[in-house]
Each structure stands twice: as structure tokens, then as C-alpha cells.
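A.B. asks: Numbering (this note's numbering), first residue to last: 1463 to 2088.
1) Going by Cα to Cα distance, which pick from 1683, 1698, 1682 is closest to residue 1689?
2) In angstroms, rounded to a whole number, what distance separates the CA positions of residue 1522 and residue 1902?
3) Would you report the Cα separation of residue 1886 and residue 1940, rounded to the nearest angstrom?
4) Less than 9 Å between the beta carbons of residue 1821 and residue 2053, yes or no?
5) Can you give me the Cβ contacts of residue 1609 inside the same chain, cut-off strictly under 8 Å, excluding the 5 residues immediately before and after it?
6) Could you give the C-beta distance for residue 1994 and residue 2002, rounded to a whole number, given that I count them as a contact under 8 Å?
7) Within 10 Å of its beta-carbon, does residue 1852 have 16 or more other beta-carbons around it, so buried, or fewer, so exposed?
8) How many angstroms separate the CA atom of residue 1949 from the CA atom of residue 1707?
9) Work out the CA separation of residue 1828 and residue 1955 for me, nearest whole Å.
10) In this structure, how does DSSP classify residue 1852 when only helix, strand and coil are distinguished?
11) Considering only C-alpha positions, which residue in the set 1676, 1807, 1635, 1835 is nearest to residue 1760?
12) May I ask you to verify whether the segment 1499 to 1511 touches the segment 1739 to 1746, counting CB pairs closer than 8 Å and requiring at least 3?
13) Does the beta-carbon of residue 1913 have 16 or more other beta-carbons within 10 angstroms, so that it is buried, or is it exposed?
14) Can you name, in chain order, every residue of its own chain whose Cβ lies under 8 Å from the Cβ of residue 1573, other than the five neighbours on each side?
15) How long is the line joining the alpha carbons of residue 1583 and residue 1991, rounded to whole angstroms?
16) Can at least three beta-carbon pairs, one atom from the segment 1637 to 1644 and one from the segment 1618 to 1627, be found at a separation below 8 Å?
17) Would you mind reading off the limits of the beta strand (DSSP E) that contains residue 1746?
18) Can residue 1728 and residue 1524 be called in contact, C-beta distance under 9 Å?
19) What is the rounded straight-line gap between the Cα of residue 1889 and the Cα of residue 2014?
20) Give the secondary structure of residue 1671 by DSSP, where H, G and I count as helix, E and B as strand, and everything else as coil.
21) Taking only runs that begin and end inside the segment 1652 to 1733, name each unbroken alpha helix (DSSP H) of 4 or more residues, in chain order.
22) Using only alpha-carbon positions, find the residue among 1849, 1824, 1703, 1605 that is nearest to residue 1974.
23) Going by C-alpha distance, which of 2068, 2073, 2086 is nearest residue 1541?
24) Does the segment 1923 to 1941 come close enough to the segment 1976 to 1983 that 3 or more CB-CB pairs lie under 8 Å?
25) Straight-line CA distance for residue 1863 to residue 1881?
26) Which complete alpha helix (DSSP H) runs does the segment 1825 to 1872 hold, if anything under 4 residues is left out?
27) Quick one: Cα of residue 1867 to Cα of residue 1647, how far?
28) So for residue 1924, helix, strand or coil by DSSP?
29) Taking all protein chains shown into account, do 16 or more other C-beta atoms lie within 10 angstroms of the C-beta of residue 1485, making it buried, or fewer, making it exposed?
30) Hey, could you find the ends of the alpha helix (DSSP H) residue 1904 is sitting in?
31) Report the three-state DSSP secondary structure of residue 2015 (helix, strand or coil).
32) Looking at C-alpha atoms only, which residue of 1581, 1567, 1685 is the closest neighbour of residue 1561?
33) Do residue 1830 and residue 1906 have their beta-carbon atoms positioned less than 9 Å apart in this structure?
34) In the DSSP assignment, what are the bridge partners of residue 2056?
35) According to DSSP, residue 1629 sits in a beta bridge with which residue or residues?
36) Less than 9 Å separating the beta-carbons of residue 1773 and residue 1718?
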């Protein structure tokens, strides 16, 4: 078997020979084959945000609740018709998973499931304050400060609400077992939350979303979860984001960051074994043979796919070649706009299909207004007008045409796409797009004292920090700012990946940065993560701009603590309006994602609204060609 795979790897590297033939069919021919630029470095969940790691983790493990997705065409391959869910009744877009979704909604009369508000005791409140490091007369850095009782009360309330905590009760669904045969219970959920907090350094990606967690326990098989919070956004994230791990396995693992987890034990429909995982090369997921029949049918339909193999492919050309030959069925990675443009209606790529959809993420240009930033007002007194001028000079459609070959959508200054229910609207109900006015931009710079030289340039030059692959975008921005305003832009290449970009953004040498962000309806929590501050006053980890705006903080607080979902969306618009006024992060566009696939081996692919064809619907309806 090792020899077989070594041949396959050699073929992938060569990019000129197919993945099939020469006896190699035995390992992969019966599997749905997915091409990916990267294979998980480990099978431990929560250690990577790469698509392949997330995909494998979500096939092996489960969350408390699932997120409802909609197919692009309601007429499904088996002849059935999809019925859109009632968004007034199910405003989070939840579906049952390990728990019943009823537990996430306000408790109805006669039901024991759902959430209720309660007043914390003085002991509970003080305990949560202590967890947060909130001590009278001492800031969160341990420094002595002078403050009155009233000032301490205000500071405490910002860190931990003193009223209206939330208690949730979920029904844990029957039928789930871990793939080693052990029965899944509410105790595993309780363990996961407590283990994540105990190991918050290694499991920071989930510990962050448990910021308002107070306690949880199992009661007669149900899960009771208590949050020191009155924020709907907290439970929204907890329910659909945190993967549950087994207590009987992980209770013996003291250092999760060092754990490879080569034989992951999960409740998901598929399992991965160490023998089917070859680091940096491939991984095969196999349908479990011990699934509860009702759960299997609910998730996978009548003809589930037995095996799914992810193969590492070097680049887009290798991927397209493999698709043409039927050696893979779909690519996990989105095609670049340039390659998608080349593939579309091109006979050279006969048999390769392209499905496009809008990304959840908005590509942005963020200004460093922090202590060491070029746009800090102590360093640049006219910073606000300069930032505003740059924003007004940015023509999104020009960027979409030159960088994305016309395949993108414009986004308003509130950074939320038009399709979302909480997007900022004008008085007439129309979407409020990004404002462009080059004439006003030039006037603002003149008034700020940055007049043009005889050659049309201004004495303004900035670096844009970005990772590999963003040079075309940076150059396009630079062209606009040079031609319209006389500002010089320099591409500043980050040392490695996006994590390095974030690290570099903490230094004094950072002017602007190409970034991306999503504030989709289930990600309203990200407003505070992006623009807020910790109780000690330091910028939150994703607040790369370093902005510190009390008005914005107040608006985010009011939005977060709203318990009516429609009212919360309305207040989210107030947040966006303030973000637009600040000009610390401005939208460039929302790029389209491009999923490439073929029906040479499987029929029944389902396009998903705002999602890849590699989705739950396709896994459910795909049928292998005879």
C-alpha cells in the first residue's frame, strides 16, 4: 500500500500523469475524491482554520446544533422540493444535531427546553468578576488605580452584566455514540467546555467563544448551560461552532497542543484512522458501520457515500488536469478569479464545471490608528481626513474589474453585504453602497495641508501590508490613489501567512493592511472582536486597526444585549453606521468563490446558496455513475 501511495504522490508532483491506472484504482476508485492544496497537519480539531482541517473535523465530530443551509435550486436531485425554513420562527437558522434546537430559543409556556433570564446571586457575580480579573482599585494588568464605587460598578457591568443572565436547557438527542462504541452523553458536552477553558492556550479558537461561560452540568440526561451574559450572539456561536470531544479519551490528554489525534474518536457520520491518514499527502474518511439508522438516514439519505478521500494537489493546474481526467471529483479550494475566467466556456477544460458563489467575507483595507500606527492622530493630526479621502477615492467596481475580472460584488461602508437582513439601508429601503467622490477626496487633502506638488503627487506615501497573492490588489489600489489623489502606495509583503500578517500588524511599521471580515447574521459577535477592547483597555486580538471609539463600543454593547432578534438587527445597523463614519476599515469588495468539479464519476451535485457544491446536500444526493 505504501508503494501505491508513493506512486500517486510522484504523479501529483509531476502533474503530467493521471492519478489512476497502474493498479492505483484499488485505494481510491470507490471513494469520492477531493483535491486540496493542503492536508491537515494533525487530526486534532481547533488547531487550524484551513479548509481541509475544518472539513475533516466537521465530518468526524459534531456541534450542539447545526446551521441550516439552502440549496440554490429548491428542486433536488431525488425529485423532492426543498421548503425554506420560517426565519421568524427559527431566526438563528438552527437545526437539530447533538441537541434539540428548541433549547436555543426563549422557553415557551409548557416546555422545559429553551432559555430563561435570571438574576445572578452576589456570589455568582463576584465569582465571574474574579475570573475576568475585575478587582476594585486594580486594573486588569494588576496595577493600582483610583476609582469610586460607582466607577467600579460601571467597569464591572461592562465586563460582566449584573442582570439578566441566561440559563439554557437542551435535550440531548438519542442515538449518538462515539465511533469506538461508547455512548455519547451530556457529560461529554460539559467536559468539552471545561476542558477548553482549562486549556485555553492550546484551544484558544473555542475558548474565545466561551468568554461569557459561567457553568454547565448534566441533569437527567439534559444539558444545562449557564451564561454570565444577556447576549444572543453568545449562544448563537456556542451552538453551531464548538465541536464536542469525548471525555473518556481527552480526560487523559494533558497537552492537547502536542496531540496528533491520529485515530480521532467522534460522533460524526465518518471516521478517520491513522492508517488512512498520510500527513501532507492524503486522508480517507469512511462511513461508520455502527450508526443509528435513523440518524444516518436523516443526515445522509438512502444512498450514503461510503468513502471520501482528500488528496493533496500542488496547484490549480494540477487540480484542473485531475478533474479533466476524472481522477478527482471536486476541489476543496476556491479557484482564483483569473483561473476561473480562463476556465469558463473554454474547450481546453472540457468536463470541468465551475460553480460561483459570494463569499461570506468582505476584503477590506484597514488603517493602523493604534499607538504606533501611521494613522494615529498623535502621529498624523489630519489622520481622519486622510483616511476619509483614501476611502472616497476607492472605486470598488474598478477593483472588481481589474482584480476579479468583474466577478465580485460591491459592499457598503458598514462592511455588511446587501443580502444580509441587518445590512444598512437608506431611508427608501435601498442598500447603502460605498461612497465614492474623488473631487471631495482631493479637497479634503488640500484642506489638511497635503497639497499637490508640480508633478501632481503629494508628500504622502504609505505601505500596505499583505500576504502573498495580494500584490495585484495592492497595485490596483496604488494605481487609483496615485492617479486620483497623488498618493504613493508600496506593497509590503508579509513574511509568511495570515498569522504572520497579524503579528506584523502589532509593530510600528504597519500603515495599512489587506484584511477580510465577516459580520454575517450568525457572526454579530465579531463586531466587538474586530473593533472592541478588553476590560483592561487593550485592543482585542482581531482589532488590527487599534481603534478605540467609546461611541462604537456603546453601540456594540447595546446591540449585543438585545434579546429580540429583529431589534438586534436594527441596532446592528447603528453599529455599521458608526463604523462607516470612522474610516478605520473600508470595504474593497466581496469576492466570489469558485468551486470546480466534474460529473464524470458522480451525478447529483447540488449548488448551495452562498456555498460550495462540496456541501451536505451533495454528500446526500450524489450517485456514482455506472
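Backbone N, C-alpha and C define an ideal beta-carbon position, used for all residues, glycine too.
C.D. replies: This is what the structure holds:
1) For the options 1683, 1698, 1682, the alpha carbon positioned closest to that of residue 1689 is the one of 1698.
2) So the alpha carbons of these two residues sit roughly 54 Å apart.
3) Between the alpha carbons of residue 1886 and residue 1940 lies a distance of about 28 Å.
4) With respect to the 9 Å criterion, residue 1821 and residue 2053 are classified as neighbours on the basis of their beta carbons.
5) Within the same chain, residue 1609 has close Cβ partners 1598, 1599, 1617.
6) Residue 2002 and residue 1994 do touch by the CB rule: their CB atoms are close to 5 Å apart, below 8 Å.
7) Residue 1852 is buried by the Cβ-count criterion.
8) Approximately 52 Å, taken between the alpha carbons.
9) Whole-angstrom Cα-Cα distance: 15 Å.
10) Looking at residue 1852 - three-state DSSP - the assignment turns out to be helix.
11) Of the listed residues, the one whose Cα sits closest to residue 1760 is 1635.
12) With three or more CB-CB distances shorter than 8 Å, the segment 1499 to 1511 counts as touching the segment 1739 to 1746.
13) By the neighbour-count rule (16 or more Cβ atoms within 10 Å), residue 1913 is not buried but exposed.
14) So the qualifying residues of the chain are 1564.
15) In a straight line, the C-alpha of residue 1583 is about 28 Å away from that of residue 1991.
16) With a cut-off of 8 Å, the segment 1618 to 1627 and the segment 1637 to 1644 do not count as touching, because too few Cβ pairs lie within range.
17) Looking at the DSSP string, the run of the beta strand (DSSP E) that includes residue 1746 is 1744 to 1749.
18) Against a cut-off of 9 Å, the Cβ pair of residue 1524 and residue 1728 comes out as a contact.
19) If I take the Cα positions, the gap works out to 22 Å.
20) Of the three classes helix, strand and coil, the one that applies to residue 1671 here is helix, per DSSP.
21) The qualifying runs are 1666 to 1669, 1694 to 1703, 1709 to 1712.
22) In terms of Cα proximity to residue 1974, the closest of 1849, 1824, 1703, 1605 is 1849.
23) Residue 1541 has its Cα closest to that of 2068, out of 2068, 2073, 2086.
24) They touch, by the three-pair rule.
25) Distance between the alpha carbons of residue 1863 and residue 1881: 21 Å.
26) Within the segment 1825 to 1872, complete alpha helix (DSSP H) segments of at least 4 residues are found at 1845 to 1855, 1858 to 1865, given in chain order.
27) Near 51 Å, if we compare the C-alpha coordinates of residue 1647 and residue 1867.
28) Under the three-state reduction of DSSP, residue 1924 is assigned to strand.
29) Low confidence applies to residue 1485: its pLDDT is 33, below 50, so where it sits in the model is not reliable enough to give any reading.
30) Where residue 1904 is concerned, the enclosing alpha helix (DSSP H) stretches over 1900 to 1909.
31) Residue 2015: helix per DSSP, three-state reduction.
32) Ranking 1581, 1567, 1685 by Cα distance to residue 1561 puts 1685 first.
33) No, the pair does not count as a contact, with Cβ atoms beyond the cut-off.
34) Per DSSP, 1818.
35) Residue 1629 is bridged to 1578, 1688.
36) Taking a C-beta distance under 9 Å as the contact criterion, residue 1773 and residue 1718 do not qualify as a contact pair.
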